[in-house]
Amino acid sequence: MRERRAPDLARRRAAALALFALAMAVVPLFASTYVVSVLIVVLFAAYFGQAWNIVTGFAGQLSLGHALYVGLGAYASAVLFVRFGLPPWLGMIAGIVVAALVGSIIAALSFRFAVTGVYFALLTIAFNEFTRILFDHFGWVGATSGLFLPVANRAHDDLVMLRGSPVMFYYFLLALSLGALSLSHFLLRRRIGYYWQAIREDQEAAEALGINVFRYKVAAMALSAAMTAMGGVFLAFYDNNLYPDTVFAIGRSIEIITAPIIGGLGTLFGPILGAFVLATLGEAMTQVSSGFAIDGLKQWCYGAALLLIVALQPAGLWPWLERHLGLAQDRR
Amino acid sequence: MLYLNIIVAGLLTGAVYGLMALGLSVIFGVIRVVNFAHGEMMVLAMYAAYVANRQTGIDPLLFLPAATLLLFCLGYALQRGLINRYIARPDHEQFLLLLAVATIITASLLMGFGPDARNVQLQYAYDSYEVAGLLFDKVRVLAAAGALIGVAALTAFFRFTRTGKAIRACADNQVGAQVVGLDVKRLYAITFGLGAACVGAAGCLLLLLIDVQPYIAPDYTLLGFIIVILGGLGSMPGALLGGLLVGVSEALSAFIIEPSFKSALSFALLILVLLVRPQGLMGRA
Numbered sequence: 044m045r046e047r048r049a050p051d052l053a054r055r056r057a058a059a060l061a062l063f064a065l066a067m068a069v070v071p072l073f074a075s076t077y078v079v080s081v082l083i084v085v086l087f088a089a090y091f092g093q094a095w096n097i098v099t100g101f102a103g104q105l106s107l108g109h110a111l112y113v114g115l116g117a118y119a120s121a122v123l124f125v126r127f128g129l130p131p132w133l134g135m136i137a138g139i140v141v142a143a144l145v146g147s148i149i150a151a152l153s154f155r156f157a158v159t160g161v162y163f164a165l166l167t168i169a170f171n172e173f174t175r176i177l178f179d180h181f182g183w184v185g186a187t188s189g190l191f192l193p194v195a196n197r198a199h200d201d202l203v204m205l206r207g208s209p210v211m212f213y214y215f216l217l218a219l220s221l222g223a224l225s226l227s228h229f230l231l232r233r234r235i236g237y238y239w240q241a242i243r244e245d246q247e248a249a250e251a252l253g254i255n256v257f258r259y260k261v262a263a264m265a266l267s268a269a270m271t272a273m274g275g276v277f278l279a280f281y282d283n284n285l286y287p288d289t290v291f292a293i294g295r296s297i298e299i300i301t302a303p304i305i306g307g308l309g310t311l312f313g314p315i316l317g318a319f320v321l322a323t324l325g326e327a328m329t330q331v332s333s334g335f336a337i338d339g340l341k342q343w344c345y346g347a348a349l350l351l352i353v354a355l356q357p358a359g360l361w362p363w364l365e366r367h368l369g370l371a372q373d374r375r
Numbered sequence: 043m044l045y046l047n048i049i050v051a052g053l054l055t056g057a058v059y060g061l062m063a064l065g066l067s068v069i070f071g072v073i074r075v076v077n078f079a080h081g082e083m084m085v086l087a088m089y090a091a092y093v094a095n096r097q098t099g100i101d102p103l104l105f106l107p108a109a110t111l112l113l114f115c116l117g118y119a120l121q122r123g124l125i126n127r128y129i130a131r132p133d134h135e136q137f138l139l140l141l142a143v144a145t146i147i148t149a150s151l152l153m154g155f156g157p158d159a160r161n162v163q164l165q166y167a168y169d170s171y172e173v174a175g176l177l178f179d180k181v182r183v184l185a186a187a188g189a190l191i192g193v194a195a196l197t198a199f200f201r202f203t204r205t206g207k208a209i210r211a212c213a214d215n216q217v218g219a220q221v222v223g224l225d226v227k228r229l230y231a232i233t234f235g236l237g238a239a240c241v242g243a244a245g246c247l248l249l250l251l252i253d254v255q256p257y258i259a260p261d262y263t264l265l266g267f268i269i270v271i272l273g274g275l276g277s278m279p280g281a282l283l284g285g286l287l288v289g290v291s292e293a294l295s296a297f298i299i300e301p302s303f304k305s306a307l308s309f310a311l312l313i314l315v316l317l318v319r320p321q322g323l324m325g326r327a
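Just so you know, the sequences run in chain order A and B.
Heads up: take any position in the first sequence, counting from 1, add 43, and you land on my numbering.
Heads up: take any position in the second sequence, counting from 1, add 42, and you land on my numbering.
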């Protein structure tokens, strides 16, 4: 029974994904600028969530400091652009290299000294906060007063200098997000993906099987950091202004990880679904609470919604939705 | 002499930090749950003390027993009703749960009091003692004394009472504790209550020293983490030592480098300790 269903299932999943990608691709043709701006927020959250999902969802290492890599990517590309006029694609390479290096160093230091679990999570926060404060005092990149990118006219989209309309950023982010999805799908079915999952489930057993746990955990962190930094570049050129206290904020680190957890940690589609749910929730709360003008009402509803989700679907929404859409593997 | 004065002020503030972190340490040491809503709970206590002061003019120090009891009940109920179901779940689910709790606390305070900073007016706010050429601010001395009494009381509780011993037994071996017939659920709830009571007391004491506003909460959650990791998660003297250390390092770096740099040094200390001695200064290997 199962043998006959498997290829069928794969086809249905591919069809569902194609449908989703197509829908996302045509949305900007009809949608208002407001909808596009909300979807850009969704895609940023989805992409960062996917990048984070690699180190925490696949390899099982809880990082709570991913804003660090967003910031490194954003600052590297923005500084090279503002100070030297270099195109952001070159800055992106610099950002990726720096973030991957920093991620590897943090991971290597932690895992070499057997810092794992909660301690590792807190160490990632510490590096995140330390860097934020350093940038607060780093005058060359604007320190607390911020770094600003010159806003050119948006009559035409400059793909080389990343100056253009929100729709341009929308398509870049959609491509980025679908790319991350394919990469995750690909890696999970390679040796490295199986090694990560083995480490996540039982590190000692993985070690006993002869897996070089240290190397694969560092690799997960480096890849995750590099991908996060790539997203940071687009964030910098979309926002046009960078302040250490918002780019490196712990709040951003937490935002990055809530979408994948809500959607389903370690699943391929969880981060994307979680990003949609959270952004929709956030927008709905803004609409509703704006009628009351009470400080904190929005955050309160947001907290209550988080509580509800973690109480009802602690493993995330995607596994549940997947079953209902008939896309889940038959586990019987 | 100036430096000595700054170190003294740092030590006194650090004692309050130590009491706050002690709560985090006790909760983690026994229940193995990281209380990501720790700072939020403390800020809640600060607002309770602020309201009591505004309404009746009561000194936060006199309100302290009430705040401690209030937070104990809150912690007990929270553990019993909510967190207990998650103690065997993965780290990230616990994190999300406590993040939700923290968000709701901060948002509730924001709804009730708005984002403005609030403080209590004390007649003795600018009094100080001079001993052997050293200046001691009266508020800091009182806060530190309160904190040390709190730490001593909790230590005595764990050492001498039956319930305290039972909780330690749970921490050492949960299954064993269940086998000999201890009500682990209840003991966990008491432990979380005690951890919350620590921030109840620490909040009242800290209100003597700083203004309160809803958004300072995450900073104090982080500060609590730094301190317990410096001292060693689960170690009671470690939490106090870590608090003193962070208090002094904050005071010195604020003076020597600049105020906005004070937490950078704490984070640097944390990174150093985690890499050189991951179990913390006083933690067991």
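Heads up, the beta-carbon is just placed ideally off N, CA and C, and yes, glycines get one too.
For clarity, every value in this text was computed on a predicted model and none was experimentally measured.
Asked: Beta carbon of His180(A) nearer than 7 Å to that of Ile299(A); Found: no
Asked: Under 9 Å by beta carbon: chain A residues contacting Ser302(B); Found: Ile176, Asp179, His180 and Thr187
Asked: Three-state class that DSSP yields for Arg319(B) in the structure shown; Found: coil
Asked: Those residues which DSSP pairs with Phe191(A) across a bridge; Found: Asn284(A)
Asked: Outcome for Asn255(A) when other beta-carbon atoms lying within 10 angstroms are tallied against a minimum of 16; Found: exposed
Asked: For Phe335(A), three-class secondary structure by DSSP; Found: coil
Asked: Neighbourhood of Leu190(A) by C-beta distance below 6 Å, restricted to the same chain and skipping five residues each side; Found: Ala121, Val184 and Leu285
Asked: Endpoints, the beta strand (DSSP E) within which Asp179(B) is located; Found: Leu176 to Asp179
Asked: Where Phe173(A) meets chain B, residues with beta-carbon distance less than 8 Å; Found: Ala306, Phe309, Ala310 and Ile313
Asked: Chain-order list of residues whose beta-carbon lies under 7 Å from that of Phe297(B) (same chain, five-residue window excluded); Found: Ile48
Asked: Where Thr233(B) meets chain A, residues with beta-carbon distance less than 9 Å; Found: Correct list: empty, because the minimum Cβ distance to chain A is about 17 Å.
Asked: Beta-carbon contacts of Ala117(A) that lie in its chain and below 7 Å, excluding the five residues immediately before and after; Found: Gly275, Val276, Leu278, Ala279, Leu285 and Val290
Asked: Closer than 7 Å at the beta carbon, the chain B residues around Gly346(A); Found: Ala142, Thr145, Ile146 and Ala149
Asked: Buried or exposed by the 16-neighbour rule on C-beta atoms within 10 Å, applied to Tyr168(B); Found: exposed
Asked: Entirely enclosed alpha helix (DSSP H) segments - the stretch 242-325 of chain A, minimum 4 residues; Found: 246-251, 256-282, 287-290 and 293-306
Asked: Selection of the stretch 285-310 of chain A by Cβ proximity to chain B, strictly under 8 Å; Found: Ile293, Gly294, Ile297, Ile300, Thr301, Ile304, Ile305 and Leu308
Asked: Under 7 Å between C-beta atoms of Cys240(B) and Leu124(B); Found: no
Asked: C-beta neighbour in chain B for Val194(A), strict 7 Å; Found: no
Asked: Contact set between Val353(A) and chain B, taken where Cβ atoms lie within less than 7 Å; Found: Glu135, Leu138, Leu139 and Ala142
Asked: Residue from Ala53(A), Ala354(A), Leu82(A) and Pro357(A) with nearest C-alpha to Phe212(A); Found: Leu82(A)
Asked: Tyr162(A): first and last residue of the uninterrupted beta strand (DSSP E) it sits in; Found: Not the beta strand (DSSP E): Tyr162(A) falls in the alpha helix (DSSP H), residues Gly160 to Asp179.
Asked: Residue range of the beta strand (DSSP E) that includes Tyr345(A); Found: Looking at the DSSP string, Tyr345(A) is not in any beta strand (DSSP E); the run it does join, the alpha helix (DSSP H), is Leu340 to Leu355.
Asked: At least three beta-carbon pairs within less than 8 Å, the stretch 254-273 of chain A to the stretch 138-150 of chain A; Found: yes
Asked: Range of the contiguous alpha helix (DSSP H) that encloses Glu135(B); Found: Asp133 to Phe155
Asked: Test: Trp21(A) CB closer than 7 Å to a CB of chain B; Found: The structure shown does not extend to residue 21(A), since chain A spans only 44 to 375, so no value can be given for it.
Asked: Strand pairing of Glu172(B), partner residues [DSSP]; Found: Leu177(B)
Asked: Bounding residues of the alpha helix (DSSP H) (the contiguous stretch that carries Thr110(B)); Found: Pro102 to Gly123
Asked: Helix, strand or coil at Asp337(B) according to DSSP, with G and I counted as helix; Found: For chain B, the structure presents residues 43 to 327; residue 337(B) sits outside this window and is missing.
Asked: Contact the stretch 200-219 of chain B vs the stretch 84-92 of chain B: 3+ CB pairs below 8 Å; Found: no
Asked: C-beta neighbour in chain A for Phe267(B), strict 7 Å; Found: yes
Asked: Phe303(B) versus Ala292(A), Phe173(A) and Gln93(A), residue with shortest Cα-Cα distance; Found: Phe173(A)
Asked: With 16 other Cβ atoms within 10 Å as the buried cut-off, status of Ser220(A); Found: buried
Asked: Pick from Arg56(A), Ala64(A) and Asp51(A) that is closest to Leu216(A), judged by C-alpha positions; Found: Ala64(A)
Asked: Cβ shell of Pro303(A) (< 7 Å), same chain only, five flanking positions each side left out; Found: Gly92, Trp95, Asn96, Gly100, Gly313, Pro314 and Gly317
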